[in-house]
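The letter at position 54 of the sequence shown is residue 54 when you use this note's numbering, and the numbering goes up by one with no holes.
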Amino acid sequence: MISSLSIRNHYTTELKRCINKVIILLPLNKPCKINLNGSTITIEDGIIINNADLFQMFDVQDLVELSLPLPLFFEKDTCLSTSYFDFNHIKLVEQFRNLILENLHLPLQDENTASLYISNIIDFLIKEAKVTLNTVYIPPLNTKHPLLQQITEYIHHNIYHKISTKNVSKAFYISQSYISILFSSILNMNFKHYTTSLRIALSLFDLIQNDQSIYDVAIKYQFTNVSTYSKHFKHYIQMPPKKYIYNFRQEYYNEPKQIDIDQAKTIHYFAQIQKSAKRVDHIAKTLNLSTLSFSDTFNEPHTFIQLERLDDLVHFDAMISEQNDILVFPKVNISILDTQIIHLNAFKLQQVLTSIHQLIDRNYHITLKITSKFLTNQSSTFLRKLLLELKNNLNHITLQLDLTFNEAKSMTETINNIKQSYPQIKIGVIIDKIIENSANILQIRRFMSLLETDLYFINLDLISLAELITQKISPIQQDLDLKARIVLFIHSLGSKHAKKLIFNHLTHSAIKSCYHYSKQETHVAITQFLIEFNQLIGGFGYPYYSDDYDRIMLFNQYQSAMPVVHIYGLLSPYYKQPITTLPYAIVTKTKTHYHILLFNNLSESTISVNINHHFIKSFPIFSSLINSEYGLINNLIPQNINQTYIDKSLLKQINRTNYPRLKLTMHYFKDPLIFKLTKSALLNIMISIN
1 MISSLSIRNH YTTELKRCIN KVIILLPLNK PCKINLNGST ITIEDGIIIN
51 NADLFQMFDV QDLVELSLPL PLFFEKDTCL STSYFDFNHI KLVEQFRNLI
101 LENLHLPLQD ENTASLYISN IIDFLIKEAK VTLNTVYIPP LNTKHPLLQQ
151 ITEYIHHNIY HKISTKNVSK AFYISQSYIS ILFSSILNMN FKHYTTSLRI
201 ALSLFDLIQN DQSIYDVAIK YQFTNVSTYS KHFKHYIQMP PKKYIYNFRQ
251 EYYNEPKQID IDQAKTIHYF AQIQKSAKRV DHIAKTLNLS TLSFSDTFNE
301 PHTFIQLERL DDLVHFDAMI SEQNDILVFP KVNISILDTQ IIHLNAFKLQ
351 QVLTSIHQLI DRNYHITLKI TSKFLTNQSS TFLRKLLLEL KNNLNHITLQ
401 LDLTFNEAKS MTETINNIKQ SYPQIKIGVI IDKIIENSAN ILQIRRFMSL
451 LETDLYFINL DLISLAELIT QKISPIQQDL DLKARIVLFI HSLGSKHAKK
501 LIFNHLTHSA IKSCYHYSKQ ETHVAITQFL IEFNQLIGGF GYPYYSDDYD
551 RIMLFNQYQS AMPVVHIYGL LSPYYKQPIT TLPYAIVTKT KTHYHILLFN
601 NLSESTISVN INHHFIKSFP IFSSLINSEY GLINNLIPQN INQTYIDKSL
651 LKQINRTNYP RLKLTMHYFK DPLIFKLTKS ALLNIMISIN
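Listed below in structure tokens is the structure:
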């Protein structure tokens with residue numbers, strides 16, 4: 001009995017039935033798509049195609065296909081007709097993949113080596129992947145066409161009875177020609193091929209029974225005679241049923257097993273693997289859950305979402321009613337950069353007020369940016385009316401003062417007056433001018449103490465901020481890198497003032513500079529920055545959208561969530577929880593779960609993290625992955641593409657796929673728990689505590 005193994009690359013097939021074999025498919029690099037029994041399935045770790053299954057491959061790449069003859073399974077299990085193999089039933093997924101893949105670079109032409117290799121795989125499948133049924137396994141066909149679905153169910157139910165288009169026509173009150181059209185147009189397979197191939201596949205289990213003759217089997221499956229059955233059998237199995245039975249009863253399956261390997265493709269593939277392995281380092285880490293100490297608490301930062309104008313609130317309110325992406329952000333505050341109302345008519349102004357009320361009802365806060373002139377001219381009339389309108393929700397309002405240096409020096413009394421008139425309102429001040437005009441950091445700190453507001457906003461980007469700080473520190477400290485200068489500035493302000501700081505202008509170039517990052521993708525560096533600086537300052541501000549692609553924004557021009565949205569989603573379980581941080585991870589423990597966020601910030605290295613635990617029974621693991629394949633919208637839609645060429649329905653489909661990869665597995669507690677992170681990968685793991 002000869003098995004076959006190949007690596008499929010840019011490989012597509014017609015829809016066909018798997019007969020007299022079990023096929024195992026394992027992606028080597030990235031997920032592949034196949035049609036299995038009518039459903040389009042994305043294969044991530046692997047899939048098993050059983051005898052009688054219908055399948056089709058779609059331009060698969062780097063996909064290992066191992067085909068095992070069905071008689072090899074009869075030796076070990078004669079009750080296969082009422083069972084099937086399910087990859088999702090396997091608990092030890094990595095062990096199974098390794099069983100197949102680890103020895104591929106070795107010569108398997110030796111009969112004993114090949115025999116052991118195949119036997120081990122079959123033993124594993126029977127032990128770990130077998131699902132037993134009460135009836136014969138007939139794979140259901142899943143199709144969106146309701147009539148075809150009913151017809152195939154009818155065929156499966158009557159597989160041991162005479163079935164023809166004439167029978168089906170009478171049962172469903174449709175013409176025979178329409179039945180043929182349904183099968184050929186939707187399945188690309190004619191009615192006769194569908195039924196005959198299914199009967200041949202099922203008949204294999206009957207042929208090997210000692211008490212059944214070829215005639216008995218032919219009659220059972222409604223073939224007119226043995227000759228007709230033999231003709232169809234030979235077409236699908238490439239041998240007559242008589243020889244099939246003879247081979248089985250002579251125990252030819254017990255002879256040393258052979259495996260036919262597509263050497264040209266496998267040698268080329270493993271040569272590439274070895275070449276790549278020489279270039280890429282592998283770094284191993286060990287994480288002992290039982291020895292971790294959770295001494296810090298992960299703060300819940302303010303999130304300021306910046307909108308250009310007041311009327312943008314109307315669109316924002318409508319947007320968050322349709323999607324839940326904003327829900328991942330903590331302490332959300334909608335910041336309006338231009339509070340002028342000259343361009344608003346009465347109707348639009350009423351829409352704005354309604355949106356403000358609705359946002360406050362959802363527990364969002366509103367920040368209004370105002371200048372000193374705004375407080376003294378007629379615009380202040382609008383401000384007073386607005387505050388009167390919101391008198392019952394003033395604790396949701398923040399006034400963000402944008403002052404010149406001279407105004408800041410004389411603004412203390414005005415701030416105190418606002419506090420007395422509206423004690424529930426929060427007041428923040430933009431301190432860019434104070435930083436620019438102060439002689440040193442001590443003077444900056446004194447000004448902040450003088451103003452004594454609830455929040456201090458910095459609208460400077462971090463590179464500009466670091467350059468200003470360089471001018472205000474001692475020469476010995478001026479050789480510090482960008483991140484060190486920012487941290488020095490924060491510590492110099494003191495914890496009281498630092499915890500009120502809001503960084504309002506984060507850029508990809510600054511984040512790269514902070515972490516000496518050379519890669520284009522910055523999601524890992526952004527994650528590190530948020531974890532580290534979340535413990536130092538009060539929060540961060542982001543534009544909802546910006547034409548400046550260097551800005552870290554929340555959504556692009558297509559309303560697609562940018563990576564920072566998904567990063568906040570990964571960080572959400574850690575807020576207000578005790579944590580421990582490592583150079584490659586942040587970990588928290590609740591009463592029911594461990595949460596572990598792993599990140600690989602190394603440009604050319606793979607990190608392998610071995611997690612040691614103390615569990616004494618198997619446990620579920622839920623993971624979320626962001627990498628070059630998942631959660632990065634710029635990999636799906638390039639920034640420089642003209643949006644007029646993108647259909648709206650296509651955009652919706654793209655946005656539905658623009659999320660981290662989610663995966664739920666059951667881990668056998670005695671097996672090693674190892675996660676491998678390729679470069680620029682973020683992996684969040686939730687482990688249920690036994």
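In this text, a Cβ means the ideal position worked out from N, Cα and C, and glycines have one as well.
Asked: One or two residues paired with Ser335 in a DSSP bridge; Found: Gln306, Thr367
Asked: DSSP state of Ala484 mapped onto helix, strand, coil; Found: helix
Asked: Cut-off 6 Å between Cβ atoms - residues of its own chain near Asn440, not counting five sequence neighbours on either side; Found: Lys472
Asked: Limits of the unbroken alpha helix (DSSP H) element including Lys234; Found: 226-237
Asked: Beta bridge counterpart(s) of Lys663 as assigned by DSSP; Found: Ser623
Asked: Three-state class that DSSP yields for Cys18 in the structure shown; Found: coil
Asked: Sequence-distant residues of its chain with Cβ nearer than 6 Å to Glu14 (five each side left out); Found: none
Asked: Proximity winner among Leu386, Asn416, Thr371, relative to Val352 (alpha-carbon distances); Found: Leu386
Asked: Beta-carbon gap between Ile186 and His232 smaller than 8 Å; Found: no
Asked: Three-state secondary structure (DSSP) of Glu153; Found: helix
Asked: Alpha carbon of Tyr544 to alpha carbon of Ile366, nearest angstrom; Found: 14 Å
Asked: Cross-strand partners of Ser39 (DSSP beta bridge); Found: Leu36
Asked: Beta-carbon proximity of Asn600 to Pro672, cut-off 8 Å; Found: no
Asked: CA nearest to the CA of Leu307, picked from Ser474, Phe124, Asp338, Leu465; Found: Asp338
Asked: Candidates Ile486, Leu204, Asp479, of which the one nearest Ala466 by Cα; Found: Ile486
Asked: Which of helix, strand or coil DSSP assigns to Phe73; Found: helix
Asked: Nearest-angstrom Cα separation, counted from Ser449 out to Ile425; Found: 19 Å
Asked: Distance CB(Ile159)-CB(Ile174) smaller than 8 Å; Found: no
Asked: Straight-line gap, His315 to Leu501 (C-alpha atoms, nearest Å); Found: 28 Å
Asked: Distance between His523 and Lys591 (C-alpha atoms, nearest Å); Found: 30 Å
Asked: Span of the alpha helix (DSSP H) around Ala585; Found: That residue, Ala585, is in no alpha helix (DSSP H); its beta strand (DSSP E) goes 585-589.
Asked: Spatial neighbours of Met189 in its chain, beta-carbon cut-off 7 Å, leaving aside the 5 residues before and after; Found: Leu15, Phe183
Asked: Alpha carbon of Lys499 to alpha carbon of Ile607, nearest angstrom; Found: 34 Å
Asked: Test item: CB-CB of Tyr221 and Ser203 under 8 Å; Found: yes
Asked: Complete runs of the alpha helix (DSSP H) confined to the stretch 406-486 [at least 4 residues]; Found: 412-421, 432-437, 441-451, 462-470
Asked: As assigned by DSSP and simplified to three states, the class of Pro543; Found: strand
Asked: Whole-angstrom C-beta distance between Ile336 and Leu368, which should lie under 8 Å; Found: 6 Å
Asked: CB contact below 8 Å: Ile320 versus chain D; Found: Note that chain D does not occur in the displayed structure, where there is just one protein chain.
Asked: Segment contact, 8 Å Cβ cut-off, at least three pairs: the stretch 576-595 with the stretch 291-307; Found: yes
Asked: Where Thr135 sits in the DSSP three-state scheme; Found: coil
Asked: Inter-stretch contact at 8 Å, needing at least 3 Cβ pairs: the stretch 67-80 / the stretch 90-97; Found: no
Asked: With 16 other Cβ atoms within 10 Å as the buried cut-off, status of Leu442; Found: exposed
Asked: Cβ-Cβ separation, Phe489 to Ile537 (assumed contact under 8 Å), whole Å; Found: Not really, about 10 Å apart at Cβ, beyond 8 Å.
Asked: Contacting residues, own chain, Cβ-Cβ under 6 Å from Gln531 (five flanking each side not counted); Found: The sequence given here places Ile at residue 531; Gln does not occur at that position. Hits under 6 Å: Ile586.
Asked: CB contact flag (Glu618, Tyr549, <8 Å); Found: The sequence as given places Ser at residue 618; Glu does not occur at that position. Taking 8 Å as the Cβ cut-off, Ser618 and Tyr549 do not qualify as a contacting pair.
Asked: Which of helix, strand or coil DSSP assigns to Met319; Found: helix
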